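One line per chain: the protein sequences are A and B, in this order.
Each residue of the first sequence is one higher than the one before, starting from 0 at the first, in numbering that gives the first Met the number 0.
Each residue of the second sequence is one higher than the one before, starting from 0 at the first, in numbering that gives the first Met the number 0.
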Amino acid sequence: MMAQDDEDRRAWFRREILPLEPDLLAYARQFCRDGQTDPEDLVHETFARAIACKTWREIGNPGAFATRILRNCALDALRRRKVLTITAVADFERIEPIDEAPGAHMMLESREELRALADAIAELPAQCRRVFTLRKVYSLSPDEIAVRLGLSVSTVEKHLVKGLRYCSDKLGRRIGRKSKVDEGRSWSARRDHDAKR
Amino acid sequence: MERETGSRREAVRQAAALWVVKLDDASCSAADRAAFEAWRAESHEHEAAFEREAVAWARLDRLRAFRPGLERPDRDLLAPERRLTLPLILPKISRSPWARGLAAAAAVALTVTGVMTFGGGTAYATAIGERRVVVLSDNSRIELNTNSKVVVRYRHGVREVKLVRGEAVFEAAKDARPFLIKAADAVMQADAGAEMAVRLRSDGAAVTVKRGAVDLDPEPAERKDELRLKAGVTAIYSSAGSRSRAVSDSEIDRALAWRQGAIALNGQSLEQAVAEFNRYNRQQISIVDPSISGLRLAGYFQTTEPKSFVTAVTSAFPVRASEGTDGAIRLTRRG
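Below is the structure:
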């Protein structure tokens, strides 16, 4: 069935591709060192292309699959630009793709994550934080929150959207954890590799 | 150009987040669900963005772990200033040595008044009837009124002063260092050279700008002109929202007469005047007879001399004063 197929594809995307976001972002930054492209845009576009993949069942290494897409996105962005700088192209050859099993490095220790989430909520503006607390901690409906705080339902929704956007970006940047693909390491690893050859 | 693509990305993510919020609401209509399906079918960009926001939304369900039993909802449960209490709600999270040290410091703070340094901030406080001027390292000034408290801290190069209790006048130095003032729920950013008074109320804060300008709730994304307070404006900020009005210089001077140790009344009710005096004195005044609380007063009184105020009231109005066994002055209607 078509609908079930779409659901399966989205589930695969959630399970295999989305958790790669912090690594993809770190990877994307290496293509964006000239400041002309926004790494978040590259990741955003990578997600859109990845979820479109109809042959997802055949993908053995989602990390390599996603980095390949991201690289293509970056190249497309480069081509769209009028002036191609030589260094920007040279950089591409030196950047290593993510080649680890997704999920393994993704699991934040759960208590640590919980604390990081609470920290993120605490950083929201007061009214937004309150709406979010009532919705997510106390599970009140938007209608109930609107009555309780004397707001319109659409204002409650706006606060929830704002809070969610803040938190989803934090989660995407892997809150409370150092990025696994750090520039210095992958660069020197590559050079060692070259030297051995 | 890149900014344009960034805002496009943000627009898609915002739209996705709104669908996530709407679909998770039991009152979401069938028409809304159909509209969502149509939106998602428009592009894989939409589809992927929705999955991203939906997964984050689901992960945030873990926040339910903070819910302390069956008590009625506390909307400020996760407020920044409450974060220290979280380890108590979550016994599984071991309290760090840092947190223990902070708790110990807080215990000490209870026994010492005046200046206390803890958690990276310095607290300055006044007792009832006391006034105090604090000059910060960059020559910014804070003048504390009676029974007031501020906490000053420097974070990421930003000078942040939180009014915890009472009332204070803030004068930002001429240099351009960001000066953030927090009071109740309001966050204000004072321009260099600005002078403003902030007073906490039962539900929020009142802000009066005497010189320069102040941004209320500065947020780069949604800077609004109506939230910029200029000299000669007073704004009341509460959970219900904020409203502002123009005030004359003389009105500002009267409101700030406490800096000269005075209370300036200009047509306030007896009830308001009594409340004002009670801020400055341990000896409290109470109005026993509600029929006199609406009497209007004018005059200039010393904050620390409630008795001369009472004498003025009893000689000008049909009011009698008597001292109760607890030392409080009781005002009743005469005759």
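Ideal Cβ positions, reconstructed from N, Cα and C, are used throughout, including at glycine.
In this text the structure is predicted, and so the values were computed from the model without any measurement.
Just to confirm before moving on: does the CB-CB distance between residue i and residue j stay below 9 Å?
{"i": "residue 152 of chain B", "j": "residue 142 of chain B", "result": "no"}
{"i": "residue 133 of chain A", "j": "residue 79 of chain B", "result": "no"}
{"i": "residue 61 of chain A", "j": "residue 120 of chain A", "result": "no"}
{"i": "residue 178 of chain B", "j": "residue 147 of chain B", "result": "no"}
{"i": "residue 149 of chain B", "j": "residue 134 of chain B", "result": "no"}
{"i": "residue 51 of chain A", "j": "residue 77 of chain B", "result": "no"}
{"i": "residue 345 of chain B", "j": "residue 14 of chain B", "result": "The question about residue 345 of chain B has no answer here: the residues shown for chain B are numbered 0 through 334."}
{"i": "residue 262 of chain B", "j": "residue 299 of chain B", "result": "yes"}
{"i": "residue 343 of chain B", "j": "residue 320 of chain B", "result": "The question about residue 343 of chain B has no answer, for chain B in this structure spans 0 to 334."}
{"i": "residue 65 of chain B", "j": "residue 130 of chain A", "result": "no"}
{"i": "residue 18 of chain A", "j": "residue 27 of chain A", "result": "no"}
{"i": "residue 157 of chain B", "j": "residue 124 of chain A", "result": "no"}
{"i": "residue 198 of chain B", "j": "residue 250 of chain B", "result": "no"}
{"i": "residue 196 of chain B", "j": "residue 236 of chain B", "result": "no"}
{"i": "residue 264 of chain B", "j": "residue 296 of chain B", "result": "yes"}
{"i": "residue 25 of chain B", "j": "residue 52 of chain B", "result": "no"}
{"i": "residue 8 of chain B", "j": "residue 40 of chain A", "result": "yes"}
{"i": "residue 159 of chain A", "j": "residue 141 of chain A", "result": "yes"}
{"i": "residue 227 of chain B", "j": "residue 246 of chain B", "result": "no"}
{"i": "residue 172 of chain A", "j": "residue 24 of chain A", "result": "yes"}
{"i": "residue 54 of chain B", "j": "residue 13 of chain A", "result": "yes"}
{"i": "residue 281 of chain B", "j": "residue 127 of chain B", "result": "yes"}
{"i": "residue 46 of chain A", "j": "residue 48 of chain B", "result": "yes"}
Note the first and the last residue of the continuous alpha helix (DSSP H) segment covering residue i.
{"i": "residue 200 of chain B", "result": "Per DSSP, residue 200 of chain B belongs to no alpha helix (DSSP H); it is in the beta strand (DSSP E), 194–200."}
{"i": "residue 285 of chain B", "result": "Residue 285 of chain B -> not in any alpha helix (DSSP H); beta strand (DSSP E) instead, spanning 284–286."}
{"i": "residue 135 of chain A", "result": "125–135"}
{"i": "residue 68 of chain A", "result": "61–79"}
{"i": "residue 51 of chain B", "result": "43–58"}
Return helix, strand or coil for residue i, following the three-state DSSP convention.
{"i": "residue 120 of chain B", "result": "strand"}
{"i": "residue 302 of chain B", "result": "coil"}
{"i": "residue 203 of chain B", "result": "strand"}
{"i": "residue 50 of chain A", "result": "helix"}
{"i": "residue 115 of chain B", "result": "In this prediction, residue 115 of chain B has a pLDDT of 48, which is less than 50 and means its spatial position is unreliable; nothing more can be read from the coordinates."}
{"i": "residue 131 of chain B", "result": "strand"}
{"i": "residue 139 of chain B", "result": "coil"}
{"i": "residue 122 of chain A", "result": "coil"}
{"i": "residue 58 of chain A", "result": "coil"}
{"i": "residue 103 of chain B", "result": "Since pLDDT at residue 103 of chain B reaches only 38, below the 50 mark, its modelled position is unreliable, and the value read off the structure follows with that caveat. Looking at residue 103 of chain B - three-state DSSP - the assignment turns out to be helix."}
{"i": "residue 5 of chain A", "result": "helix"}
{"i": "residue 214 of chain B", "result": "strand"}
{"i": "residue 24 of chain A", "result": "helix"}
{"i": "residue 86 of chain A", "result": "Note that residue 86 of chain A has pLDDT 49, beneath the 50 cutoff, so the model's placement of it is unreliable and the number below is only indicative. Residue 86 of chain A falls in the helix class under three-state DSSP."}
{"i": "residue 1 of chain B", "result": "Reliability fails at residue 1 of chain B, whose pLDDT of 39 lies under 50, so the model's placement of it is uncertain and the value that follows must be treated cautiously. If DSSP states are grouped into helix, strand and coil, residue 1 of chain B belongs with the helices."}
{"i": "residue 167 of chain B", "result": "strand"}
{"i": "residue 13 of chain B", "result": "helix"}
{"i": "residue 278 of chain B", "result": "helix"}
{"i": "residue 228 of chain B", "result": "strand"}
{"i": "residue 295 of chain B", "result": "strand"}
{"i": "residue 21 of chain B", "result": "helix"}
{"i": "residue 83 of chain B", "result": "Caution applies to residue 83 of chain B, whose pLDDT of 39 falls short of 50 and renders its modelled position unreliable; the value that the coordinates give is listed next. The answer is helix: DSSP assigns residue 83 of chain B an H, G or I state."}
{"i": "residue 103 of chain A", "result": "In this prediction, residue 103 of chain A scores a pLDDT of 37, lower than 50, which makes its location untrustworthy; the coordinate-derived value is nonetheless stated afterwards. Here residue 103 of chain A sits in coil by DSSP."}
For the beta strand (DSSP E) that residue i lies in, which residues bound it at each end?
{"i": "residue 266 of chain B", "result": "261–268"}
{"i": "residue 188 of chain B", "result": "185–189"}
{"i": "residue 246 of chain B", "result": "From DSSP, residue 246 of chain B is part of no beta strand (DSSP E); its letter is neither H nor E."}
{"i": "residue 153 of chain A", "result": "No beta strand (DSSP E) contains residue 153 of chain A, which is instead part of the alpha helix (DSSP H) from 152–171."}
{"i": "residue 234 of chain B", "result": "232–237"}
{"i": "residue 178 of chain B", "result": "178–182"}
{"i": "residue 159 of chain B", "result": "157–164"}
{"i": "residue 148 of chain A", "result": "Note, residue 148 of chain A: premise wrong, no beta strand (DSSP E); alpha helix (DSSP H) at 141–148."}
{"i": "residue 154 of chain B", "result": "148–154"}
{"i": "residue 320 of chain B", "result": "318–322"}
{"i": "residue 16 of chain A", "result": "First-last for residue 16 of chain A: undefined, no H or E at that position."}
{"i": "residue 331 of chain B", "result": "328–332"}
Any heavy atom of the ligand FMN closer than 8 Å to the CB of residue i?
{"i": "residue 266 of chain B", "result": "As for the ligand FMN, it is missing from this structure, which has no ligand bound."}
Should the region 259–277 of chain B be called in touch with the region 299–311 of chain B, which here means at least 3 C-beta pairs below 8 Å?
yes
Closer than 8 Å is the cut-off here; do at least three beta carbon pairs connect the region 198–209 of chain B with the region 144–160 of chain A?
no
Check whether the region 190–197 of chain B touches the region 167–177 of chain B, taking contact to mean three or more Cβ pairs, one atom from each stretch, closer than 8 Å.
yes
Taking contact to mean at least 3 C-beta pairs separated by less than 8 Å, is the region 243–262 of chain B in contact with the region 285–292 of chain B?
no
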